[in-house]
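Numbering-wise, the sequence shown is residues 0 to 164 according to numbering that gives the first Met the number 0. Right, one structure below, let's go through it.
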Amino acid sequence: MSIPGVDRPGTRMGIPALPFCHVQLTAKIPDHRYPKALSSLGDHLRKRRLDLGLYQMDVAARVGADTKTVTNWELNRTEPDLAHLPALLAFLGFDPRPEGQTFGERLYRARTAKGLSHRDLARLIEVDESTVWKWEDGRHRPMGRLLDRLCEVLPETEDRAGQLG
0 MSIPGVDRPG TRMGIPALPF CHVQLTAKIP DHRYPKALSS LGDHLRKRRL DLGLYQMDVA
60 ARVGADTKTV TNWELNRTEP DLAHLPALLA FLGFDPRPEG QTFGERLYRA RTAKGLSHRD
120 LARLIEVDES TVWKWEDGRH RPMGRLLDRL CEVLPETEDR AGQLG
């Protein structure tokens, strides 16, 4: 009786390579649905959604957007608009956008996190819309009662309002 492959030199068919070793190697297969790096708001959104086991339509319903819009955010094709940003940040539980280094950058971040346009913020603190633009551009800084009003509306700007130039 012949064993298949044994009578042919150089073949090892039917013979275990390491008959004395009974180790099974396993490795976790990476989930390619997750973003490789969390570098954008869309990446954070996708990670949070997958962590919660939600579909894009579930997220869309929570933030008041269309499913295709959520898809575009996650694929970094578009950025969330001002109207959806507060609900989106609430869904994430934090603001992943970079903290501003200047007063104007911090003002922009705080204003947009609340979903306020330049006009909306200007009305709330009773200044001209162009004044808010100039504060964010770094051409001017709020002083005195305007700074106090601004900090009442956007407390996030109060932390370092006096320290940044």
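Each residue gets a CB set at the ideal place from its N, CA and C atoms; glycine is no exception.
Kindly confirm or deny that the segment 137-153 and the segment 105-117 touch, where touching means at least three C-beta pairs closer than 8 Å. yes
Please state whether DSSP places I28 in a helix, a strand or coil. Position 29 of the sequence shown, counted from the first residue, corresponds to residue 28. The answer is coil: DSSP assigns I28 none of H, G, I, E or B.
From I124 to K67, what distance separates their C-alpha atoms? Residue mapping note: residue 124 aligns to position 125 of the sequence shown, counting from 1. Residue mapping note: residue 67 aligns to position 68 of the sequence shown, counting from 1. For I124 and K67, the distance between alpha carbons rounds to 36 Å.
List the endpoints of the continuous alpha helix (DSSP H) containing S129. For the purposes of this step, residue 129 is identified with residue 130 of the sequence shown, where counting begins at 1. Note, S129: alpha helix (DSSP H), 128-136.
Within the segment 69-128, note down every full alpha helix (DSSP H) run reaching 4 residues or more, in order along the chain. 84-91, 102-112, 117-124
Between the beta-carbon of V131 and the beta-carbon of L145, is there less than 8 Å? As a working mapping, residue 131 is identified with position 132 in the sequence shown. As a working mapping, residue 145 is identified with position 146 in the sequence shown. Cβ atoms of V131 and L145: not closer than 8 Å.
In whole angstroms, what is the alpha-carbon distance linking R47 and L91? For the purposes of this step, residue 47 is identified with residue 48 of the sequence shown, where counting begins at 1. For the purposes of this step, residue 91 is identified with residue 92 of the sequence shown, where counting begins at 1. For R47 and L91, the distance between alpha carbons rounds to 7 Å.
Taking all protein chains shown into account, decide if V62 is buried (16 or more other Cβ within 10 angstroms of its Cβ) or exposed. As a first step, residue 62 must be located in the sequence shown, where it is residue number 63. So V62 ends up on the buried side.
DSSP three-state label for A64, please. Taking the sequence shown and counting its residues from 1, the one referred to as residue 64 is at position 65. A64 falls in the coil class under three-state DSSP.
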